[in-house]
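What follows is one structure encoded as structure tokens, with my remarks underneath.
In the working numbering, the protein residues as written are 1 to 360.
Dropping the structure here:
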């Protein structure tokens, strides 16, 4: 009764996550790893749909464990039931619900999500190879969950022979670079080196607002999918093509070309004024991701400007560039690093910006 009243009052307020589209693609917000009471979560499947709607997501996957179901004596069903319960509400609220499950094994090989399933029951196999083969037979997208989870890899994050076997046999398509509050730099590099899709998830088990201060403006980690259209099939095609970014804690992790495309859409130059001994540049960021910028090497020695600055989400930043002989420059070029656009672990996106004065 209380839960129904809570959602009826809250469901009228939907957040909008301001992240731009890039040329040729729609930007879809997707959490592909969440749990319900049908495994070891503590909420009913429809709660996950309401949460996603209120937070401005486009898509979710309920991925309850095949093997671990602590409430099985109270919640008796097959492995498709959570999806079946959530699907009518998801359709009503225009949330794309993608059918999935979590294959939960010791290390190696660890835990895996299989999404875009037709039927999760055949994945319930004793041998992990058979379980993943059953997912592959349904043309599932399969990704490795929390590879650096301390409970399974307490000392270091390793790539095992079993993962090579999965990759070579078409049963590994992506890796969680971010799971909840954890970022795995090893997984980030594996995605680059082995051409695997970068995934970000919550792996949420309880109500989402117990893990994240949603009402205070905090956002869950998620996968940004750059899809040709807003549909399950559009998401599927983009995941297999590797067109994703991981959004977490005001940072983006993605292939460099995607970060470059997002940068071009995100940072706007509103004005450039040349003075006698300086340039004044006004930058604007229309998105919900602050842009953390530092000076790169290779700038003109006579240009004096910030070492680091931030263009806030939805805000402006005035940037003075001091030049003794500013009148000699009809334009200036600055070499910068976008520090929270991560092309590799501990490596931001390098950019070069050219500024032409408005008052020439």
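Virtual Cβ for every residue (Gly too), placed ideally from N, Cα, C.
Annotation: residue 191 to residue 29 spans about 20 Å, alpha carbon to alpha carbon.
Taking a contact as a CB-CB distance under 8 Å, the pair residue 46 and residue 95 does not count as one, their CB atoms being some 11 Å apart. With a contact defined as Cβ atoms closer than 8 Å, residue 64 and residue 99 miss out at about 11 Å. For the set 147, 331 and 43, the Cα lying nearest the Cα of residue 205 is the one of 43.
The Cβ atoms of residue 198 and residue 244 lie closer than 8 Å to each other. By the criterion of at least three beta-carbon pairs nearer than 8 Å, the stretch 327-338 is in contact with the stretch 292-309. Going by beta carbons, residue 263 and residue 351 fall inside the 8 Å limit. The distance from the Cβ of residue 304 to that of residue 322 is about 4 Å, consistent with a contact at the 8 Å cut-off. Each residue's CA atom was taken as its position, placing residue 80 and residue 53 some 22 Å apart. Here residue 32 is not near residue 121, since their CB atoms are 8 Å or more apart. The alpha carbon of residue 93 has as its nearest neighbour, out of 117, 48, 270 and 333, the alpha carbon of 48. Taking a C-beta distance under 8 Å as the contact criterion, residue 266 and residue 23 do not qualify as a contact pair. Spanning the alpha carbons of residue 174 and residue 166 requires a straight line of approximately 11 Å. Put simply, the stretch 147-163 does not touch the stretch 226-233. Fewer than three CB pairs are less than 8 Å apart.
Between the alpha carbons of residue 269 and residue 181 lies a gap of roughly 33 Å. Taken in chain order, the unbroken stretches of alpha helix (DSSP H) that lie wholly in the stretch 17-64 and span 4 residues or more are 45-54. Note on geometry: alpha-carbon atoms of residue 342 and residue 27 lie some 18 Å from one another. Annotation: residue 107 is outside any beta strand (DSSP E) and is labelled neither H nor E by DSSP.
Pairing residue 142 with residue 123 gives a Cβ-Cβ distance that is not under 8 Å.
If you draw a 10 Å sphere on the C-beta of residue 51, you find 16 or more other C-beta atoms in it, and that means buried.
Counting other Cβ atoms within 10 Å of its Cβ, residue 149 reaches 16 or more and is therefore classed as buried.
Taking C-beta separations shorter than 7 Å and ignoring five residues to either side along the sequence, the partners of residue 313 in its chain run 285, 287, 288, 289 and 290, following chain order.
Taking all protein chains shown into account, residue 76 has fewer than 16 neighbouring C-beta atoms within 10 Å of its C-beta and is therefore exposed.
Annotated as proximal: residue 242 and residue 255, with beta-carbon spacing under 8 Å.
Between residue 73 and residue 110 a beta carbon distance of about 27 Å is seen, past the 8 Å cut, so the two are scored as non-contacting. For residue 298, the number of other beta carbons within 10 angstroms of its own is below 16, and it is reported as exposed. Here DSSP, grouped into helix, strand and coil, assigns residue 156 to coil. 101 is the residue among 316, 101 and 15 whose C-alpha sits nearest the C-alpha of residue 78.
If you compare the alpha carbons of 330, 210 and 239 with that of residue 354, the shortest gap goes to 330.
Assignment of beta-bridge partners to residue 307 by DSSP yields no partner.
By the neighbour-count criterion, in which 16 or more other beta carbons inside 10 Å mark a residue as buried, residue 128 falls on the buried side.
In the structure shown, residue 316 falls within a strand segment according to DSSP collapsed to helix, strand and coil. If the five residues before and after residue 356 are omitted, its C-beta is found closer than 8 Å to the C-beta atoms of 272, 330 and 331, all from its own chain and listed in chain order.
The criterion of a C-beta distance shorter than 8 Å is satisfied by residue 260 and residue 349. Judged by DSSP secondary structure, residue 224 falls within the beta strand (DSSP E) whose first and last residues are 222-227.
DSSP places residue 188 within a helical segment (H, G or I) once states are collapsed to three.
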